[in-house]
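Chemist:
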Amino acid sequence: MVVRMEVREGQSPTQWWDYRRKGITYESVEDAGQFIAPRPRLLVLSSVKGWPYSLKKLIEMTDCYVNYEVERVWRVVQGDLEGAFGTDDLKGFDLRRRLLIGTPGIGKSVAVGSYLLHQLLHYDAEQIHVVVYCLGGELAYVFDKTTQTVTEHEGELHIINVMNFLVWQRKLKGYAIYDVDKKGREPSGDFPPSKS
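Take 1 as the starting number for the sequence shown in the working numbering and just add one per residue.
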C-alpha cells in the first residue's frame with residue numbers, strides 16, 4: 001500500500017494564531033484579538049489513497065481540514081519532541097503519553113491524527129526514525145523513515161512485538177499515534193514506553 005500526501009495552500013486567517021507555553025502544554029493567547037472564522041482552515045491535507053482512519057472504516061476521505069485547534073495539538077507534540085531529544089541513549093528520554101479526547105463523527109480527531117502523521121513524517125529524520133499509526137489494538141501502519149517503507153500489521157500482540165523490536169532491537173526513535181474510536185480500546189500497558 002502506498003500512501004501519498006500533498007500539502008495544498010489553505011485559507012489564511014487574517015492573523016495567525018498565537019500560543020503561549022503553560023506548564024507542559026500550549027494554550028492560545030486570548031487577548032491577541034485572534035481571528036476565528038466559523039470553519040477556519042490553515043490547510044487541507046490530501047491523500048489519493050485516503051488516511052489510515054478512513055482505510056480502517058472503509059470510507060472515502062481524501063481531504064482533512066487543519067484548523068488552529070489541530071495545529072495546537074501539533075505544537076504540544078512538537079514541544080515534547082524538542083524537549084525529549086538530546087541524549088544518545090534511550091535513558092535520557094522524558095517522553096510522556098498524551099491523551100486527546102474528541103467527539104467521534106465530527107472529523108476533528110480524524111484531522112488531528114492525519115496532521116500529526118503528516119508532521120511526524122516530515123519531522124527531522126535524524127530525530128524521528130519511525131512513526132506508528134495504530135487504529136485501536138488490531139491494526140497499525142508502521143512508517144519506517146530509515147528504509148522509506150510502510151508496513152501494515154494486524155493483531156495487538158503482533159503490533160506490540162513489532163514496536164518493541166523497533167525500539168529495543170533496532171534502537172529506532174519514534175512516535176506512536178494510537179487512534180481509538182470506541183471506549184475501552186485504550187493502548188495496552190505493554191506498548192513502549194511501557195511506563196507513562
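Glycine included, C-beta positions come from ideal geometry on N, C-alpha and C.
Does DSSP classify isoleucine 159 as helix, strand or coil?
Modeler: Of the three classes helix, strand and coil, the one that applies to isoleucine 159 here is helix, per DSSP.
Chemist: What is the rounded straight-line gap between the Cα of glycine 79 and the Cα of tyrosine 68?
Modeler: Approximately 16 Å between the Cα atoms of the pair.
Chemist: Spell out the partners DSSP gives isoleucine 177 in its beta bridges.
Modeler: Its beta-bridge partners are Tyr133.
Chemist: Since aspartate 63 sits in a beta bridge, which residues does DSSP pair it with?
Modeler: Per DSSP, Ser46.
Chemist: Given this structure, state the Cα-to-Cα distance separating alanine 84 from valine 77, to the nearest angstrom.
Modeler: For alanine 84, the predicted model reports a pLDDT of 48, less than 50, meaning its position is unreliable and no value from the coordinates is stated.
Chemist: How close, in whole Å, do the beta carbons of isoleucine 128 and leucine 120 come, if the pair is a contact with beta carbons under 8 Å?
Modeler: Between leucine 120 and isoleucine 128 the Cβ distance is about 6 Å, and since that is below 8 Å, they are a contact.
Chemist: By DSSP, does glutamate 186 sit in helix, in strand, or in coil?
Modeler: Glutamate 186 falls in the coil class under three-state DSSP.
Chemist: By a C-beta neighbour count over all protein chains shown, 10 Å radius and 16 as the cutoff for buried, is tryptophan 168 buried or exposed?
Modeler: The residue is exposed, with fewer than 16 neighbouring Cβ atoms inside 10 Å.
Chemist: Pull up the CB-CB distance for glycine 174 and valine 131, whole angstroms please, since I reckon it's below 8 Å.
Modeler: Rounded, the Cβ-Cβ distance is 6 Å, consistent with contact.
Chemist: Which word fits lysine 171, buried or exposed, when buried means at least 16 other C-beta atoms lie within 10 angstroms of its C-beta?
Modeler: Lysine 171 comes out exposed.
Chemist: Which of helix, strand or coil does DSSP assign to leucine 99?
Modeler: Three-state DSSP puts leucine 99 in coil, outside helix and strand.
Chemist: Rounded to whole angstroms, what is the Cα-Cα separation between glutamate 186 and glycine 136?
Modeler: Taking the straight line from one Cα to the other gives about 7 Å.
Chemist: Would you kindly check if the distance between the Cβ of isoleucine 159 and the Cβ of cysteine 134 is under 8 Å?
Modeler: Yes, Cβ-Cβ distance for cysteine 134 and isoleucine 159 is below 8 Å.
Chemist: Check whether the Cβ atoms of phenylalanine 143 and methionine 163 sit closer than 8 Å, and answer yes or no.
Modeler: No; because the gap between Cβ atoms is not below 8 Å, this pair is not in contact.
Chemist: Under a Cβ-count criterion, where at least 16 other Cβ atoms within 10 Å of its own Cβ denotes burial, should isoleucine 177 be classed as buried or exposed?
Modeler: Classification for isoleucine 177: buried.
Chemist: Using the C-alpha atoms, what's the distance from glutamate 71 back to phenylalanine 165?
Modeler: Each residue's Cα considered, the two are about 31 Å apart.
Chemist: Is the CB-CB distance between tyrosine 53 and aspartate 179 below 8 Å?
Modeler: Yes. Within cutoff.
Chemist: Would you kindly work out how many angstroms separate the C-alpha atoms of alanine 37 and asparagine 161, rounded to a whole number?
Modeler: Residue placement at alanine 37 is flagged as unreliable, the pLDDT there being 47, under the threshold of 50; a coordinate-derived value is accordingly withheld.
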